[in-house]
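Okay, so here's the structure we're looking at.
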Amino acid sequence: MRAITVPQPGGPDALAWVEVPDPEPGPGEVVVDVRASGVNRADLLQRQGHYPPPPGAPDHPGLECSGVISVIGPEVTGWAVGQQVCALLAGGGYAERVAVPAGQLLPVPAGVDLVDAAALPEVACTVWSNVVREGRLRSGETLLVHGGGSGIGTFAVQLGVALGATVLATARSAKHPRLRELGAAHVIDYREQDFVEEVRRVTDGHGADVVLDIMGASYLGRNVAALATGGRLVVIGLQGGRKAELDLGALLTKRASVTATTLRARPLAEKAEIVRGVRDEVWPLVEAGEVRPVVDRRLPITEAPQAHRLVESNDHVGKVLLTIG
1 MRAITVPQPG GPDALAWVEV PDPEPGPGEV VVDVRASGVN RADLLQRQGH YPPPPGAPDH
61 PGLECSGVIS VIGPEVTGWA VGQQVCALLA GGGYAERVAV PAGQLLPVPA GVDLVDAAAL
121 PEVACTVWSN VVREGRLRSG ETLLVHGGGS GIGTFAVQLG VALGATVLAT ARSAKHPRLR
181 ELGAAHVIDY REQDFVEEVR RVTDGHGADV VLDIMGASYL GRNVAALATG GRLVVIGLQG
241 GRKAELDLGA LLTKRASVTA TTLRARPLAE KAEIVRGVRD EVWPLVEAGE VRPVVDRRLP
301 ITEAPQAHRL VESNDHVGKV LLTIG
């Protein structure tokens with residue numbers, strides 16, 4: 001088969017469409033013929049040599065895909081050859097075929113196109129596990145989403161609204177109209193406005209009950225300042241750095257918490273548990289049309305370098321997909 005590989009770490013042009021060995025399903029795995037794969041920032045880091053795949057994962061990038069099951073491995077039940085699926089991956093999605101643990105498969109939701117379904121697994125599992133399971137977002141609370149125009153952000157905005165929360169988001173001003181269409185009650189231009197002041201203003205001083213953060217160090221102090229009493233800050237990205245000082249007194253005063261999580265390197269059992277939660281709690285919302293994949297554009301997989309440039313530019317809204325066939 002063919003796949004996008006990274007012979008040497010570097011810029012987008014380091015990506016190469018070459019022949020690689022076909023995947024063989026191990027016990028508990030199936031092979032999926034890939035129709036599309038989502039582009040994630042982790043793929044960019046892997047291309048640059050900063051985020052190697054976990055042991056046992058394919059070397060080529062790709063953390064989610066959609067496609068059709070072509071081979072059922074040993075010890076797999078409940079899935080059939082020919083079934084349309086999307087999948088959470090530890091790697092290998094930028095390819096014609098990929099072996100997937102059965103616990104990381106999801107059926108394509110009713111009403112969602114097979115290609116567009118590739119935009120769902122990574123964001124759905126990330127947002128649900130962090131906003132709902134870790135952040136314990138409840139109806140009537142306020143959710144602040146940083147990077148609202150990203151794949152993660154557009155999904156988090158919709159899920160928060162569907163769960164009955166008031167959703168605030170930070171994003172470039174050009175993305176504000178789309179985020180309002182998705183249900184954001186207020187959108188903050190992080191380049192021109194102080195998001196702490198804006199959160200306090202629009203919540204009448206209450207603050208955000210849950211903050212979903214992709215920035216890390218550069219936003220840590222301000223995120224704590226933006227929290228409500230009893231608020232929960234969940235960090236899922238480090239685009240603003242790894243290290244920062246934390247005023248524990250401010251955290252104590254607010255009786256608040258800070259959690260940081262990753263998804264890719266979790267054990268298979270933990271990933272399967274998250275996927276089950278998404279299927280049980282999120283898929284009904286997708287099939288009801290309350291949460292939908294937001295796709296900025298589809299590009300042929302041979303244009304993966306262009307897709308990476310687009311994601312690096314941060315000019316897109318939602319997901320960029322690579323299509324095959």
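To convert, note that position 217 of the sequence shown is 217 in UniProt numbering; the numbers rise steadily by one, no gaps. Heads up, the beta-carbon is just placed ideally off N, CA and C, and yes, glycines get one too. Since this is a predicted model, take the numbers as computed values, not measurements.
- Note that the C-beta distance between residue 321 and residue 38 is below 8 Å.
- Residues 135, 210 and 257 of the same chain have their beta carbon placed closer than 6 Å to that of residue 232, with the five preceding and five following residues left out of the count.
- Around the beta carbon of residue 50, fewer than 16 other beta carbons sit within 10 angstroms, so the residue counts as exposed.
- Between residue 90 and residue 32, the CB-CB gap reaches or exceeds 8 Å.
- The residues 43, 46 and 94, in chain order, have a CB closer than 6 Å to that of residue 61 in the same chain once the five nearest residues on each side in sequence are set aside.
- Residues 38, 40, 63, 64 and 88 of the same chain have their beta carbon placed closer than 7 Å to that of residue 122, with the five preceding and five following residues left out of the count.
- In this structure, residue 30 sits away from residue 118, with a CB-CB distance that is not shorter than 8 Å.
- DSSP, read as helix, strand or coil, puts residue 230 in strand.
- Looking at the DSSP output, residue 101 sits in a beta bridge with 29.
- With at least 16 other beta carbons inside 10 angstroms of its own, residue 99 counts as buried.
- For residue 77, the three-state secondary structure derived from DSSP is coil.
- Take residue 220, set aside five residues on each side of it, and the residues of its chain with a beta-carbon closer than 7 Å to its own are 244 and 246, in chain order.
- When the beta-carbon positions are compared, residue 25 and residue 71 come within less than 8 Å of each other.
- From the listed residues 317, 284, 312 and 282, the smallest Cα separation to residue 296 is found for 317.
- In the displayed model, residue 260 falls within a strand according to three-state DSSP.
- Taking each of 156, 255, 315 and 248 in turn and checking the Cα distance to residue 293, the smallest one comes out for 156.
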